[in-house]
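Protein chains in written order, with the numbering used here: chain A, 9 to 258; chain B, 9 to 258. From the three backbone atoms N, C-alpha and C, an ideal C-beta is built for every residue, glycine too.
As structure tokens, this is what we get:
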């Protein structure tokens, strides 16, 4: 969706989203899903960090050496994580404090500069949002009350994956729609129970939004997904993360 | 897309797709992407296997015991694979001969019965398509020549993933659109090169199609994706599979 400015710390995200939807000539309706990128949310939350003010620990320095990354970035990665998953030259995959497994704790160095940054500051990076599930719920409440409609909100990021190349849109915050959609109770055309039919609804919405967003030359931090049918849900995106003890690849 | 019959072995897939598109009142246009499920393609290819005619090897019997699966299914999984990735009760993850990593070699037991199966036959399972990239290319050529349009074709399946619960649509065959979309050359708003910007276009198209397909009560083996912009490509879906030696989770 066009019309979304590069927001700064303290921006009122509900206001930004409402304006963009209105300026596209649209009104939120029941069943709509608003997908915002984690970057938009992080900027609004002011999750900018000036690397020149980060003091790396000995562990971050050693790890930075091993993977060939700025030890100050590694320091932030470690602070944002509960465990290191894999280390290799150029690669640092961690279990994020939010529960998912992601390279570099999702820390972003592009478009990571706050508005009005001093000329002698930086370089700057942007951390993932503080609590994207809670922020999704807050955004949803605001938008629902303004629009008098039942909607869903997804906070998305682009994640790499084991086994497969390229990034895909992934839900790191959700409110209003079920993260997982369980169709196991249904039966196939011959009456056998359907197998393997819990779909990751949240991630598929994020992937569809990322597909559309990526088509715009300048990127799109906001996508409106229309036409889905879902039962309203209070489950959070953390539901999508496999617990480490149940993960054969942890 | 409605109007797709449960096809049997030898069905002319291009004919099936063309009819469904026409009966929806649509005509294929430049830039359209036709997404067919692997199951539709497998059925058309006649990839049905009668388990009562499968003799499991000693290895399949031992492995079936370990994971708690029918040793005849395990035998087929092993025949379809180049390596076993992970084994646990209820779980058998392999590297498929087609290059990707998938549970149970993607073998499917729902809606897996061929038309006219003898009453005393089966149970039946359905293997993944023989060569989904080649089939995607064939289907694309047929559809392009009939419609005089440049299109893309994706053969999709629903895959589980490490770290995250639920399945997502995944591209296992492609023709006409690039599997990976490389935006690394582009720059962010502050002139820094964009990081981590190779998106898995094929998988995102498959996920978006699966999102839509899953909405229909009876499922949808065919989805038409409109409105994407992409450069025509002859690259195959195998491009999306990380090579084992470059995979930290292999």
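Item                                                                                                                   : Value
Where residue 176/A sits in the DSSP three-state scheme                                                                : strand
Three or more C-beta pairs below 8 Å linking the segment 156–165 of chain B and the segment 35–51 of chain B           : yes
Per-residue DSSP class, three states only, for residue 24/A                                                            : helix
CB contact below 7 Å: residue 45/B versus chain A                                                                      : no
Within chain B, the residues that residue 249/A reaches when beta carbons sit closer than 9 Å                          : 171, 172, 173
Pair within 7 Å by beta-carbon distance, residue 329/A and residue 216/B                                               : An answer regarding residue 329/A cannot be provided, because it is not within the stretch 9 to 258 covered by chain A.
Cβ-heavy atom distance, residue 130/A to the ligand NAD, below 6 Å                                                     : In terms of ligand content, the structure shown is empty, and the ligand NAD therefore cannot be addressed.
Where residue 95/A falls, given that 16 or more other Cβ within 10 Å makes a residue buried                            : exposed
Below-7 Å beta-carbon distance, residue 207/B vs any chain A residue                                                   : yes
Closest residue to residue 179/A among 109/A, 17/A, 97/A, 64/A (Cα-Cα distance)                                        : 109/A
Contact residues within the segment 74–103 of chain A, judged by C-beta distance below 9 Å to chain B                  : 93, 94, 95, 96, 99, 101, 103
Pair within 7 Å by beta-carbon distance, residue 245/A and residue 116/A                                               : no
Cross-strand partners of residue 247/B (DSSP beta bridge)                                                              : Its beta-bridge partners do not exist; DSSP assigns none.
C-alpha gap between residue 93/B and residue 74/B, whole angstroms                                                     : 14 Å
Under 9 Å by beta carbon: chain A residues contacting residue 219/B                                                    : 207, 209, 212, 213, 215, 216, 233, 236
Strand pairing of residue 6/A, partner residues [DSSP]                                                                 : Chain A is shown from 9 up to 258; residue 6/A falls before or after that span and cannot be answered.
Beta-carbon neighbours of residue 188/B, restricted to chain A and to distances below 8 Å                              : 173, 174
Below-7 Å beta-carbon distance, residue 107/B vs any chain A residue                                                   : no
First through last residue of the beta strand (DSSP E) which encompasses residue 46/A                                  : Premise fails: residue 46/A lies in the alpha helix (DSSP H), 46–53, not in any beta strand (DSSP E).
Ranges of the alpha helix (DSSP H) found wholly within the segment 93–176 of chain A, counting only runs of at least 4 : 140–155
Sequence-distant residues of the same chain with beta carbon closer than 7 Å to residue 145/B, five excluded per side  : 183
The alpha helix (DSSP H) enclosing residue 218/A, as first and last residue numbers                                    : 209–221
Residue 70/B, buried or exposed, once every other Cβ within 10 Å from all chains shown has been counted against 16     : exposed
Secondary structure, alpha helix (DSSP H): runs of 4+ residues fully inside the segment 61–92 of chain B               : 66–75, 79–87
CB of residue 238/B within 7 Å of CB of residue 132/B, strictly                                                        : no
Proximal chain B residues relative to residue 255/A, where beta-carbon distance stays under 8 Å                        : 170, 171
Whole-angstrom C-beta distance between residue 177/B and residue 164/B, which should lie under 8 Å                     : 5 Å
Neighbour list for residue 223/B in chain A, Cβ cutoff strictly below 7 Å                                              : 236, 237
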